[in-house]
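K.L.:
Input: one structure, supplied below.
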Amino acid sequence: MGSSNSKRNKKQKYISSSTHVKQSKSTRLSSTMYELICLGVGKGATAVYNNKTSSSFAIRNKTNGECVLIIDMGLGSLYSFQQYFPPNTRIKNVYISHNHTDHSGELPVYIANEAPKVTDSSSKLKIFSHKDVLQRLQQHRCHELYSATIDYFKNVCWMPCEENQMISLDENGSLCLKVARSQHNELCYGFVLYCQNKPILSFSGDSGFNQNFFHFLYTAPVILVDGRDKGTYEHAGFDEIFNFHQSSPVKDSQTVYVYHYGLENEAPSFQISAIKAIRPGDIVSLSTLQDGQD
1 MGSSNSKRNK KQKYISSSTH VKQSKSTRLS STMYELICLG VGKGATAVYN NKTSSSFAIR
61 NKTNGECVLI IDMGLGSLYS FQQYFPPNTR IKNVYISHNH TDHSGELPVY IANEAPKVTD
121 SSSKLKIFSH KDVLQRLQQH RCHELYSATI DYFKNVCWMP CEENQMISLD ENGSLCLKVA
181 RSQHNELCYG FVLYCQNKPI LSFSGDSGFN QNFFHFLYTA PVILVDGRDK GTYEHAGFDE
241 IFNFHQSSPV KDSQTVYVYH YGLENEAPSF QISAIKAIRP GDIVSLSTLQ DGQD
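Read in order, the letters of the sequence shown are residues 1 to 294 in the UniProt record's numbering.
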């Protein structure tokens with residue numbers, strides 16, 4: 001216990017050592033009907049060795065309680081999902097960032113259980129990802145389903161995403177995704193989610209610090225960033241996240257939520273309120289950014 005606290009205190013002091021003052025832009029937030037639920041923040045082995053949910057999120061419609069999107073589906077995600085939604089809640093859309101077990105491990109289980117329940121073409125399961133990631137998911141992650149006696153895939157819509165192109169999550173186009181490649185050894189893509197053509201959320205997937213990619217993420221008011229105590233090519237360091245935020249002309253209504261750090265005692269502490277660790281069960285209202293008015 002004592003050593004963990006000591007480690008966190010040193011981390012906080014180190015992260016907050018920068019004296020660069022960011023240039024804030026005056027903005028205000030306009031609320032939407034959507035909210036983000038954190039299902040888990042686990043690292044690659046956290047679910048296996050510590051029984052804590054892999055990093056994953058759900059977006060809920062506050063008006064009717066529906067789940068409009070689940071973001072990644074690693075080990076423990078579906079069980080955690082059931083803690084925040086009524087029984088038999090249908091997952092309308094799934095986004096998978098890449099083909100690592102802690103991000104897509106439960107995808108074949110989800111398909112095998114939910115595809116037989118589909119009653120018509122409008123209720124087919126929709127799996128969103130970059131087109132090259134989708135190919136890996138179909139050929140490798142879901143390979144076990146091809147030997148089944150049931151054709152699960154007839155009730156699955158694979159939704160290929162292209163960089164710099166919007167793809168709609170719903171029939172009326174009110175929610176759309178735009179993907180961008182992250183910095184990770186396994187092919188991985190993050191996204192910005194738009195509501196009525198305005199960004200409301202960005203998600204890094206797994207990514208080391210990459211300035212261009214971070215600028216892409218910083219177009220949204222709520223920013224989900226993969227972070228670790230010590231940065232590597234594949235995972236951004238807490239200090240890199242902090243320093244980028246402090247040196248960028250960010251808007252004063254933007255908040256960065258760091259995830260994928262692992263266990264509770266590995267959560268980072270920041271001395272500015274604009275960056276914080278998100279924890280399982282946290283709920284964040286999603287809004288659009290609007291320029292401030294005098």
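All C-beta atoms, glycine included, are put in the ideal place defined by N, C-alpha and C.
Suppose you measure from the CA of I283 to the CA of K52; what does that come to, to the nearest Å?
P.N.:
Roughly 18 Å between the two C-alpha positions.
K.L.:
Check F85 in the structure and name its three-state DSSP category.
P.N.:
Coil, per DSSP.
K.L.:
Alpha carbons only, please: which of Y34, D120 and A47 is nearest the one belonging to Y261?
P.N.:
For Y261, the nearest C-alpha among the options comes from A47.
K.L.:
Return helix, strand or coil for V222, following the three-state DSSP convention.
P.N.:
In this structure, V222 counts as strand in the three-state DSSP scheme.
K.L.:
Could you check whether Y152 and F128 sit closer than 8 Å to each other, using their CB atoms as the reference points?
P.N.:
No, these two residues do not count as a Cβ contact at 8 Å.
K.L.:
Would you kindly report the start and end of the unbroken alpha helix (DSSP H) that includes F128?
P.N.:
Looking at the DSSP string, F128 is not in any alpha helix (DSSP H); the run it does join, the beta strand (DSSP E), is L125 to H130.
K.L.:
From what residue to what residue does the beta strand (DSSP E) around L193 run?
P.N.:
Note, L193: beta strand (DSSP E), Y189 to C195.
K.L.:
Quick one: grab the DSSP three-state call for N243.
P.N.:
Note: N243 maps to helix in three-state DSSP.
K.L.:
Is there contact here, the stretch 213 to 229 with the stretch 183 to 196, by at least three beta-carbon pairs under 8 Å?
P.N.:
Verdict: yes, contact present.
K.L.:
Pop quiz: N155 and K124 are said to be a contact at Cβ under 8 Å. What is the actual Cβ separation, rounded to whole angstroms?
P.N.:
Confirmed, Cβ separation roughly 5 Å.
K.L.:
Is S97 near Y189, with beta carbons less than 8 Å apart?
P.N.:
Cβ atoms of S97 and Y189: closer than 8 Å.
K.L.:
Answer with yes or no whether the minimum CB distance from H260 to chain C is below 8 Å.
P.N.:
Within the model displayed, chain C is absent; a lone protein chain is all it includes.
K.L.:
Out of curiosity, what's the CA-to-CA distance linking Q57 and D72?
P.N.:
Contrary to the premise, residue 57 reads as Phe rather than Gln in this sequence. Roughly 7 Å separates the two Cα atoms.
K.L.:
State the start and end residues of the unbroken alpha helix (DSSP H) segment that holds L217.
P.N.:
Q211 to L217 is the span of the alpha helix (DSSP H), which, as asked, contains L217.
K.L.:
According to DSSP, what are the bridge partners of F203?
P.N.:
According to DSSP, F203 bridges with F191 and L224.
K.L.:
By the DSSP assignment, the alpha helix (DSSP H) with I111 in it spans what residues?
P.N.:
L107 to E114 is the extent of the alpha helix (DSSP H) around I111.
K.L.:
Going by the beta-carbon positions, is the gap between F244 and F214 smaller than 8 Å?
P.N.:
Cβ atoms of F244 and F214: closer than 8 Å.
K.L.:
Taking only three categories from DSSP, how would you classify S54?
P.N.:
The answer is strand: DSSP assigns S54 an E or B state.
K.L.:
Considering only C-alpha positions, which residue in the set N64, K43 and G208 is nearest to S77?
P.N.:
It is K43.
K.L.:
Let me know if G65 comes out buried or exposed under the rule of 16 or more other beta-carbons within 10 Å of its beta-carbon.
P.N.:
Burial call: exposed.
K.L.:
Are the beta-carbon atoms belonging to K276 and Y257 less than 8 Å from one another?
P.N.:
In contact: K276 and Y257 (Cβ atoms closer than 8 Å).
K.L.:
Mind listing, in chain order, the continuous beta strand (DSSP E) runs of no fewer than 3 residues lying wholly within the stretch 140 to 191?
P.N.:
DSSP runs (the beta strand (DSSP E)) wholly in the stretch 140 to 191: 156 to 161 and 175 to 181.
K.L.:
One question on the structure: do T288 and I150 come within less than 8 Å of each other, judged by their Cβ atoms?
P.N.:
Going by C-beta atoms, T288 is not nearer than 8 Å to I150.
K.L.:
For N99, name the three-state secondary structure that DSSP assigns.
P.N.:
Coil, per DSSP.
K.L.:
Assuming the contact rule is C-beta atoms closer than 8 Å, C157 and P108 should be a hit. Round their C-beta distance to whole Å, please.
P.N.:
Contact doesn't hold; Cβ gap of about 16 Å is too wide.
K.L.:
Tell me whether L263 is buried or exposed, calling it buried when 16 or more other Cβ atoms sit within 10 Å of its Cβ.
P.N.:
Burial call: exposed.
K.L.:
Where are the beta strand (DSSP E) runs, 3 residues long or more, that stay fully inside the stretch 236 to 292, in chain order?
P.N.:
For the stretch 236 to 292, whole beta strand (DSSP E) runs of length 3 or above, ordered along the chain, are 255 to 259, 275 to 277 and 283 to 291.
K.L.:
Under DSSP, the beta strand (DSSP E) around V68 begins and ends at which residues?
P.N.:
Its beta strand (DSSP E) spans residues C67 to I71.
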